[in-house]
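In numbering that gives the first Met the number 0, the protein residues as written are 0 to 216. Here the structure comes first, spelled out in structure tokens, and everything after it is commentary.
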Amino acid sequence: MLTVLSQNIQLAVTIQPSSEKKPDKIRKLVDIQANVAVGKGIGYERWAKKFNLKRWSQTLCLLQEKKLLSEDALHQRIAELQTQHDDALAVVKDLDARMVSLKELRGHLVVYRQYKPLAQKLQTVRNPAKFKEQHRAELAVYEAACAYFKANGLRTLPDLKKLDAEYQALSSEKNGFYTRYKKAQIELRELRTAQQNVEAFFRKEERSHAVPQQEVK
């Protein structure tokens, strides 16, 4: 693979369009023979050859840029990126779940503090039933907040400012891992497409060098 790619790299440099400031994303080569076999015409074949030439040159330039001119190096890099991708995504999901929990806690805490005076007043009014009916919605969310704290074993309620600071810290950490995840995802997608193009190229080379069997009469 290294020898063939090294030879084709020289061709790729001359093929790469000089007018493009930023190269297009790597795309898969099309199977010209398969499409022609199902009825595609000469016009399609001409277009497909130009398309494949451009995509092949981009593939080679990408592999040269990343110094992945051997099959083992390419496979190893893809495996490394897959690990980085999966690890970063796992952390992002974990941080996101913790942020959701903090947001839920904060919501109950705000409700609890807002309606606690109302719940305390309920204990002193002359007509508790009427008062409770008048403030049914407020007291319901207050009781839900109390039930949430009890279910989560919260005997001492956290400070809102500390809660907000923790949320912001988690958000910042999540953004960092999300950036790693997206970076690995983009490179992984490019290299997998490049790998498919290399495999397609060598399949084509094998077909073109195959010795046709003589017809048995």
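Glycine included, C-beta positions come from ideal geometry on N, C-alpha and C. Quick caveat, the model's predicted, so the values are computed rather than measured.
Among residues of its own chain, excluding the 5 on either side of residue i, which ones have a beta-carbon nearer than 7 angstroms to its beta-carbon?
| i | result |
| --- | --- |
| His-134 | Leu-117 |
| Val-90 | Phe-176 |
Leaving out the 5 sequence neighbours to the left and right, which residues in its chain are closer than 8 angstroms to residue i when beta-carbon positions are compared?
| i | result |
| --- | --- |
| Arg-76 | Lys-65, Leu-67, Leu-190 |
| Asp-30 | Ala-199 |
Return yes when the Cβ of residue j is within less than 8 angstroms of the Cβ of residue i, no when it is not.
| i | j | result |
| --- | --- | --- |
| Asp-85 | Lys-173 | no |
| Leu-28 | Trp-46 | no |
| Leu-138 | Lys-131 | yes |
| Tyr-147 | Lys-115 | no |
| Ala-193 | Ile-25 | yes |
| Leu-226 | Leu-108 | Outside the shown range of the chain, which is 0 to 216, sits residue 226, and nothing can be said about it. |
| Val-35 | Glu-44 | yes |
| Gln-83 | Ala-183 | yes |
What is the rounded straight-line gap between the Cα of residue i and the Cα of residue j?
| i | j | result |
| --- | --- | --- |
| Val-110 | Asp-158 | 14 angstroms |
| Leu-101 | Leu-121 | 29 angstroms |
| Asn-71 | Ser-171 | Rather than Asn, the amino acid found at residue 71 in this sequence is Asp. The straight-line gap from Cα to Cα measures roughly 37 angstroms. |
| Lys-48 | Ile-185 | 26 angstroms |
| Leu-187 | Arg-97 | 28 angstroms |
| Phe-50 | Leu-169 | 45 angstroms |
| Pro-127 | Leu-162 | 34 angstroms |
| Leu-62 | Ala-78 | 16 angstroms |
| Glu-103 | Tyr-166 | 11 angstroms |
| Gly-42 | Thr-58 | 24 angstroms |
| Lys-129 | Ala-143 | 20 angstroms |
| Arg-112 | Asp-93 | 29 angstroms |
| Gln-195 | Arg-202 | 10 angstroms |
| Lys-39 | Gln-32 | 9 angstroms |
Which residues in the same chain as residue i place their Cβ atom closer than 6 angstroms to its Cβ, once the five residues preceding and following it in sequence are excluded?
| i | result |
| --- | --- |
| Lys-20 | Caution applies to Lys-20, whose pLDDT of 48 falls short of 50 and renders its modelled position unreliable; the value that the coordinates give is listed next. The answer is none, since no qualifying residue turns up. |
| Leu-88 | Tyr-180 |
| Phe-200 | none |
| Val-197 | none |
Identify every run of the alpha helix (DSSP H) within the stretch 109-155, keeping only runs that are complete inside it and at least 4 residues long; order them along the chain.
127-133, 135-150
Item to complete: Ignoring anything shorter than 4 residues or poking outside the stretch 28-53, list the alpha helix (DSSP H) runs there in chain order.
Response: The qualifying runs are 31-36.
Tell me the start and end of each unbroken alpha helix (DSSP H) in the stretch 170-198 that is at least 4 residues and wholly inside, in chain order. Assignment of alpha helix (DSSP H) within the stretch 170-198, counting only whole runs of 4 or more residues, yields no such run.
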